[in-house]
Amino acid sequence: IPVEMIDRVEIVRGPASALYGMNALGGVINIRTKNPVQDEKSVSVGYGSHEENKEKAYFSKSYGKTGISIGVLRHAAEGDFQNSAFEKYHFYGKLFHKFNQNTDLEFSLFYSDWNNEWRGGVTFKEWDAGKREPDQAAHMKEIHAEPTAVLVLNHRFNDQWKLTNHLFMRTIDNEWRDLMDLLSDDSTSNQIGNEIQVEFDHDFFYRNNKIIAGFLFDYGDLDFERKYSQYFQLPEKRGTKWASVEIARKVYSAYIQDIFQVTPDITFTTGVRYDYADYDVENKMDATRSGKNAVDHFSPKIGITYSPVKNLNIFTNIGVGFKPPSGGQIALYNDLKPEKATNYEI
């Protein structure tokens, strides 16, 4: 994301699954992008060693209650033996409209496309031409395309109640080619989901109390195929399938968190989240590894923060993290168990 589009970066350390779910096993980094409410333009070009070059452009403009921002980035390098060669393109766009003082809508579109190569003793072209070296290292190539779309609706009913609806879609196409190893991978995945969140900010026993609650549905499917590389030592194996799997995963999550200001200096936080993930695996190479499976988990969190003076916080918390296997992991190892972590921090 271009720096010009970033409004702020929020870092949550330690397991944060109680609020952010199964992708928050080790913590959370939230990158908040700006709403395009002012006019900005910028262009930059950079060049470095190994023919590394970076070009970037950014544009932002507002039209009354509507704003638009667009960022484009290209980053490439020829690389050497220790540094991989790559060419990456990134596009970022955001459309923002404020209906009134209480309601706004934002649509964000992200697209990433890259072609990476990890250098070895010889390149693909040299290998195809017959060049061989006894001490050659693996030479790998990855081709990746990833469009993502996000639609967010914010509505504040009054000073206490706020509603946020977050709809998201993503598609990933990835190709992996390995010159010296055994296998090449092709995968296509699709994801669509919606999260609805409610905030209730009120006084409780004359102290500020904020409750955040929400529900998430996330559907994803993966078509994964692994073949023997065209460079495999046995010619009769080249191009034949080693694995072919289709997976569908559904995730249902519900959570609630309470932030209670006990005194002006002491804040007490507690929360819990429930995640249920359902897998449907079709293994086209081995029917005995096909089937359905489900995992679930409660992720609680509790903590207290003491602020004796401005800019000084003393805190302690206990949090539980949870992360079920991804579709790609299940494709190859369908008996994997979820990762779990308990964090104690002072």
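Position one of the sequence shown corresponds to residue 2 (my numbering), numbered consecutively onward. Note that the Cβ used here is the ideal one computed from N, Cα and C, for glycine as well.
Nearest to V153 (by Cα), restricted to the options D281, Q161, T104 and S245: Here residue 153 is taken as the residue at index 152 of the sequence shown, counted from 1. For the set D281, Q161, T104 and S245, the Cα lying nearest the Cα of V153 is the one of T104.
Cβ neighbour criterion (16 or more within 10 Å) applied to E118: Mapped onto the sequence shown, residue 118 falls at position 117. Per the 10 Å Cβ criterion, buried.
Contact check, Q161 vs H203, beta carbons under 7 Å: The sequence position of residue 161 within the sequence shown is 160, counting from 1. The sequence position of residue 203 within the sequence shown is 202, counting from 1. Less than 7 Å divides the Cβ of Q161 from the Cβ of H203.
Span separating the alpha-carbon of I30 from that of Q258: Within the sequence shown, the letter at position 29 stands for residue 30. Within the sequence shown, the letter at position 257 stands for residue 258. Going from the Cα of I30 to the Cα of Q258 covers about 18 Å.
Where P135 falls, given that 16 or more other Cβ within 10 Å makes a residue buried: What you label residue 135 is simply residue 134 of the sequence shown in a count that begins at 1. Caution applies to P135, whose pLDDT of 40 falls short of 50 and renders its modelled position unreliable; the value that the coordinates give is listed next. Classification of P135: exposed, given that the 10 Å Cβ count is below 16.
For V310, the residue or residues it bridges with in DSSP: Residue 310 sits at position 309 when you count from the first residue of the sequence shown. Note: V310 sits in a beta bridge opposite L313.
Which of helix, strand or coil DSSP assigns to D287: Start at 1 with the first residue of the sequence shown, and residue 287 comes out as number 286. For D287, the three-state secondary structure derived from DSSP is coil.
Where G72 sits in the DSSP three-state scheme: Position 71 of the sequence shown, counted from the start, is the residue given in the question as residue 72. Residue state, collapsed to three classes: strand.
Rounded straight-line distance, which links the Cα of D297 to that of T306: Working through the sequence shown from its first residue, we reach residue 306 at position 305. Working through the sequence shown from its first residue, we reach residue 297 at position 296. Computed Cα separation, rounded: 30 Å.
Contact set for R9: own chain, Cβ-Cβ below 6 Å, skip 5 residues either direction: Locating residue 9 in the sequence shown gives position 8, where the first residue counts as 1. Once the five neighbours on either side are set aside, the close Cβ partners of R9 are R33.
Status (buried if at least 16 other CB within 10 Å, exposed otherwise) for L235: Looking up residue 235 in the sequence shown gives position 234. Counting of Cβ neighbours within 10 angstroms places L235 among the exposed residues, the total staying below 16.
Boundaries of the beta strand (DSSP E) in which Y334 is found, first to last residue: Within the sequence shown, numbered from 1, the residue matching residue 334 stands at position 333. First-last for Y334: undefined, no H or E at that position.
Enclosing beta strand (DSSP E) for T104 [first to last residue]: As a first step, residue 104 is located in the sequence shown; it is residue number 103 there, counting from the start. Per DSSP, the continuous beta strand (DSSP E) segment holding T104 begins and ends at T104 to W119.
Nearest to G240 (by Cα), restricted to the options S185, E56 and E52: In the sequence shown, counting from the first residue as 1, residue 240 sits at position 239. The shortest Cα separation from G240 among S185, E56 and E52 belongs to S185.
Inter-residue Cα distance where the pair is F218 and G49: Residue numbering aside, residue 218 sits at position 217 when the sequence shown is read from its first letter. Residue numbering aside, residue 49 sits at position 48 when the sequence shown is read from its first letter. Distance between the alpha carbons of F218 and G49 is about 45 Å.
CB of L56 within 7 Å of CB of V46, strictly: As a first step, residue 56 is located in the sequence shown; it is residue number 55 there, counting from the start. As a first step, residue 46 is located in the sequence shown; it is residue number 45 there, counting from the start. Per the sequence presented here, residue 56 reads as Glu, with Leu not at that position. A contact, by the Cβ cut-off of 7 Å.
Beta-carbon proximity of H98 to L106, cut-off 7 Å: By one-based count along the sequence shown, residue 98 stands at place 97. By one-based count along the sequence shown, residue 106 stands at place 105. For the 7 Å CB-CB criterion, H98 and L106 form a contact.
Spatial distance of E237 from H145 (CA atoms): For the purposes of this step, residue 237 is taken as residue 236 along the sequence shown, with counting starting at 1. For the purposes of this step, residue 145 is taken as residue 144 along the sequence shown, with counting starting at 1. Roughly 29 Å separates the two Cα atoms.
D266 versus A214: straight-line alpha-carbon distance, rounded: Taking the sequence shown and counting its residues from 1, one reaches residue 266 at position 265. Taking the sequence shown and counting its residues from 1, one reaches residue 214 at position 213. Between D266 and A214, the C-alpha separation is close to 25 Å.
Candidates D222, S113 and I69: closest to K89 by CA position: Numbered from 1 along the sequence shown, position 88 holds the residue referred to as residue 89. K89 has its Cα closest to that of S113, out of D222, S113 and I69.
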